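In the working numbering, the protein residues as written are 6 to 274.
Note that beta-carbon positions come from the ideal geometry of N, C-alpha and C, so glycine has one too.
Note that this is a predicted model, so its numbers are computed, not measured.
Remarks on the structure that follows.
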Amino acid sequence: MWKGFIDSHLHLHDCRLSGHLEQVIAAAESARVCRFFCNATKEEDWPKIITLSRMYASVMPFFAIHPWYADSVRSGWDTRLHDILSEYRHNAGVGETGLDKSSTVDPARQMVLFEAHLEIAMELCLPVTIHCVKCWGKLIAVLEKYAARRTLPPVMVHSFNGSFETMERLVGLGCFISYSSRIADPKQIRLRSVFLKTPINSLLLETDAPDQINPLLTDPETLVTTFNEPVVIAKLYRLAAIQRNLPVEEFAEQIWYNATIFTNKAIHR
6 MWKGFIDSHL HLHDCRLSGH LEQVIAAAES ARVCRFFCNA TKEEDWPKII TLSRMYASVM
66 PFFAIHPWYA DSVRSGWDTR LHDILSEYRH NAGVGETGLD KSSTVDPARQ MVLFEAHLEI
126 AMELCLPVTI HCVKCWGKLI AVLEKYAARR TLPPVMVHSF NGSFETMERL VGLGCFISYS
186 SRIADPKQIR LRSVFLKTPI NSLLLETDAP DQINPLLTDP ETLVTTFNEP VVIAKLYRLA
246 AIQRNLPVEE FAEQIWYNAT IFTNKAIHR
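So this is what it looks like as structure tokens:
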């Protein structure tokens, strides 16, 4: 039975949304968006996300250091991350972490933090949200290395923008592939093609709010702010279902099931 829509990656604690959070979540819920995977980018986000998850049962917290901030972490960050994830391990994930070639942060430093996140996720058996920009070969090599050692934790690659071959290799490793509103853009011919070829049991959808606003999906009358918001995910589901020639309820039910597997059933509290 269709439960509603899940936004598999966003940042509700971001100051662009947090001042209007009650209205932002109410607008999303009115569109049947009823689960939010809220990802940190730096340590300062962690207590904010904890507060949100306590205020809203629909918010699942993810804690990590984004690769953009890999050179500004404080000593002992990994111990503190381990502690907070241990405390919330029955309803939490690791995210977002990853690799970004466009960042000015030293790639070697990014890799050290990324692997530290993976070690924690594997130890605690927690889902991981991965950010990857132009580092697909390195990402796959790392995941293959860890997979050879033991079973990978559930992995989601957020806002996927890679090739068909990359998608196939990630899916072969058991990863979930999350698509953003880019697939709503008719100019994104290659990405749309990859989306359509992604196995439906490996799919997730996200807004990445408050970033990645897409005018093609945005109705100013439904937005509380001038930024991207989770309410938009309802339109993305409908568009994605049309692209895959499926009833939206059937499509959304499959995504819900995928998200449940990704989060180790932690969203069923």
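Between the stretch 213-223 and the stretch 172-180 there are fewer than three inter-stretch CB-CB distances shorter than 8 Å, so the stretches are not counted as touching. Each residue's CA atom was taken as its position, placing residue 147 and residue 230 some 39 Å apart. In this structure, residue 43 lies near residue 15, with their beta-carbon atoms less than 9 Å apart. Bridge pairing for residue 137: 104 [DSSP].
Checking the DSSP bridge columns, you'll see residue 184 partnered with 210. Within the same chain, 141 come within 6 Å of residue 167 by CB-CB distance, once the 5 residues on both sides are set aside.
Beta-bridge annotation (DSSP): residue 40 is paired with 11. Under the 10 Å beta carbon count, residue 6 is surrounded by fewer than 16 other beta carbons and is classified as exposed.
Ranked by how close their Cα comes to the Cα of residue 236, the residues 64, 33, 174 have 33 in first place.
Residue ranges of uninterrupted beta strand (DSSP E) with 3 or more members, entirely inside the stretch 78-122 and ordered along the chain, are 98-105. When only Cα atoms are considered, residue 154 and residue 127 end up about 11 Å apart. Taking the C-beta atoms as reference points, residue 238 is found no nearer than 9 Å to residue 255. In this structure, residue 188 lies away from residue 246, with their beta-carbon atoms at least 9 Å apart. Between residue 125 and residue 226, the alpha-carbon positions lie close to 42 Å from each other. 9 Å or more divides the Cβ of residue 132 from the Cβ of residue 81.
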